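Engineer:
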Amino acid sequence: MRLTNGITILSDAVLVASGFDLFDAVKKEEYGYGIYDQVMTNADLEAYFKTGSDKRVTNPKRIGFVHCVGSRDEKSGCRSCSKVCCATAVKQAIEVKQAFPDSEVFCFYMDLRLFGRHYEDIYLSAQKDHGVRFIRGRVAEVSENHDGTLLVKAENTVAGKPLKVTLDLLVLMSGMRPSVPGKAIGDLLEMPVEEDGYFAVRNGIAAGQRSPLPGVFLAGAATGPKTLPETLADARAAAMEIDRYLTEVFPDARNYKQLVRERW
Ligand code: SF4
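Read in order, the letters of the sequence shown correspond to residues 8 to 271 in my numbering.
1) My output table needs one value for K104: the three-state DSSP class, helix, strand or coil.
2) Got a sec, what are the start and stop residues for the beta strand (DSSP E) I70 sits in?
3) Would you tell me roughly how many angstroms separate the C-alpha atoms of R217 and L17, rounded to the nearest one?
4) Would you mind stating whether G77 and F113 have Cβ atoms separated by less than 8 Å?
5) Among the candidates F56, G193, V97, whose CA atom is the shortest distance from the CA of F122?
6) Should H74 be listed as close to the ligand SF4, given that the test is whether its C-beta is under 7 Å from any heavy atom?
7) Cutting at 8 Å between CB atoms, please list the residues of its own chain near E102, excluding the five before and the five after it.
8) List the DSSP bridge partners of V200.
9) To the nearest angstrom, how far is the alpha carbon of A242 from that of A226?
10) Could you spell out where the beta strand (DSSP E) holding P236 opens and where it closes?
11) If we ignore side chains and look at the alpha-carbon of each, how far apart do Y38 and K68 end up?
12) On the three-pair Cβ rule with 8 Å, is the region 20-35 touching the region 128-145?
13) Measuring straight from C-alpha to C-alpha, what distance separates I142 and A94?
14) Name the residue from P219, G189, F107 whose alpha carbon lies nearest to the alpha carbon of V139.
15) Taking C-beta to C-beta, are G26 and G182 nearer than 8 Å?
16) Taking the alpha helix (DSSP H) that S132 falls in, what are its first and last residues?
17) So, E148 versus L157, is the Cβ gap smaller than 8 Å?
18) Checking the sheet assignment: what are the DSSP bridge partners for R143?
19) Find out if the Cβ-Cβ distance for the pair Y252, T230 is shorter than 8 Å.
20) Identify which residue in V178, S83, P258 has its Cα closest to the Cα of Y116.
21) Nearer than 7 Å: is that true of the beta carbon of S83 relative to any heavy atom of the ligand SF4?
22) Considering only heavy atoms of the ligand SF4, does any lie closer than 7 Å to the CB of G182?
23) Once you ignore the five residues that flank S110 on each side, which residues in its own chain have a CB closer than 7 Å to its CB?
24) I'd like to know whether the C-beta atoms of M8 and L195 end up nearer to each other than 8 Å.
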């Protein structure tokens, strides 16, 4: 395999663990990211938690989270769920309440997908212990008021009524997208890609770590949105698949690692 820096590597197996990119929230123009000062993404908020500094976060009193930004959204070109952003929104909503105890926090969601162990408990705690309000409904439009606050229009799908909320800060839960640098690796190896942009696997569920190409293996978000435990399990499974493959390729070798060392 020839790398982009011109170096050639000879290898009997390749593991592609190319990760993911975050959906570019600018593309959802109706949410105003990059247009209105007080709109940020989940990644921006996480950076604020780490550094304690972001000019958009100045003691906000009303904060909203929008779930499924660029996920489960045909118009954005992604029908799949990104799996991690509901849990991230609940976590970040609690952290915002802890940082700004006088604030009101709203989560706008289509439906909540919190399937990890204890995740449901965190969701209940967000409501009971921290007073986070969950509103079932998709945000339709965001605009800016004269005083710099945001006017969010949504539909409360439980009450069946339109809703308007004025906020000081809006956080967009950007979902996962196939990695752009990963695509470059895929192009080098001529790896098949599915309609959603993620790499194809050899045999669906049964061989999720094997590419249709012999000797090419996959792990993590290279084949679709993954949670952290799924990624770790994938990595272990891929290592075992590679071990099995090399044993198949070198059936006479008692120790293919030794063989590879001798060859290269
Ligand atoms: S995890 Fe939640 S926020 Fe993320 S895409 Fe799925 S349903 Fe939407």
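The C-beta atom is built at its ideal place from N, Cα and C for all residues, glycine as well.
Remember, predicted model here, so these are calculated numbers, not experimental data.
Structural biologist: With the given structure in hand:
1) Along the sequence shown, one-based indexing puts residue 104 at 97. Helix at K104.
2) Mapped onto the sequence shown, residue 70 falls at position 63. Here the beta strand (DSSP E) through I70 covers 69-76.
3) Stepping through the sequence shown from its first residue, residue 217 is reached at position 210. Stepping through the sequence shown from its first residue, residue 17 is reached at position 10. Roughly 19 Å between the two C-alpha positions.
4) Residue numbering aside, residue 77 sits at position 70 when the sequence shown is read from its first letter. Residue numbering aside, residue 113 sits at position 106 when the sequence shown is read from its first letter. Taking 8 Å as the Cβ cut-off, G77 and F113 do not qualify as a contacting pair.
5) Taking the sequence shown and counting its residues from 1, one reaches residue 122 at position 115. Checking every option, the nearest Cα to that of F122 belongs to V97.
6) Working through the sequence shown from its first residue, we reach residue 74 at position 67. Yes; taking the cut-off as 7 Å, the Cβ of H74 has a heavy atom of the ligand SF4 nearer than that.
7) For the purposes of this step, residue 102 is taken as the residue at position 95 of the sequence shown. Counting only Cβ-Cβ distances below 8 Å, and skipping sequence neighbours, we find F56.
8) What you label residue 200 is simply residue 193 of the sequence shown in a count that begins at 1. For V200, which the question treats as bridged, DSSP gives the partners F206.
9) In the sequence shown, the residue the question calls residue 242 occupies position 235. In the sequence shown, the residue the question calls residue 226 occupies position 219. Cα to Cα, the separation comes out at about 5 Å.
10) Indexing the sequence shown from 1 puts residue 236 at position 229. Note, P236: premise wrong, no beta strand (DSSP E); alpha helix (DSSP H) at 235-256.
11) Stepping through the sequence shown from its first residue, residue 38 is reached at position 31. Stepping through the sequence shown from its first residue, residue 68 is reached at position 61. Between Y38 and K68, the C-alpha separation is close to 19 Å.
12) no
13) Within the sequence shown, the letter at position 135 stands for residue 142. Within the sequence shown, the letter at position 87 stands for residue 94. Distance between the alpha carbons of I142 and A94: 15 Å.
14) On the sequence shown, position 132 is the one that residue 139 refers to. The residue with the shortest Cα to Cα distance from V139 is F107.
15) Here residue 26 is taken as the residue at index 19 of the sequence shown, counted from 1. Here residue 182 is taken as the residue at index 175 of the sequence shown, counted from 1. No, they are not a contact pair.
16) Stepping through the sequence shown from its first residue, residue 132 is reached at position 125. Element bounds for S132: 126-135.
17) Residue numbering aside, residue 148 sits at position 141 when the sequence shown is read from its first letter. Residue numbering aside, residue 157 sits at position 150 when the sequence shown is read from its first letter. Not in contact: E148 and L157 (Cβ atoms no closer than 8 Å).
18) Position 136 of the sequence shown, counted from the start, is the residue given in the question as residue 143. Bridge partners of R143: Y116.
19) Numbered from 1 along the sequence shown, position 245 holds the residue referred to as residue 252. Numbered from 1 along the sequence shown, position 223 holds the residue referred to as residue 230. Not a contact, by the Cβ cut-off of 8 Å.
20) Stepping through the sequence shown from its first residue, residue 116 is reached at position 109. It is V178.
21) Position 76 of the sequence shown, counting from 1, holds the residue named residue 83. No, Cβ of S83 sits at least 7 Å from all heavy atoms of the ligand SF4.
22) As a first step, residue 182 must be located in the sequence shown, where it is residue number 175. Under cutoff, so the answer is yes.
23) As a first step, residue 110 is located in the sequence shown; it is residue number 103 there, counting from the start. Closer than 7 Å at the Cβ level, and outside the excluded window around S110, lie P67, K68, R69, I70, V103, K104.
24) Along the sequence shown, one-based indexing puts residue 8 at 1. Along the sequence shown, one-based indexing puts residue 195 at 188. Their beta carbons are under 8 Å apart, which means M8 touches L195 by this criterion.
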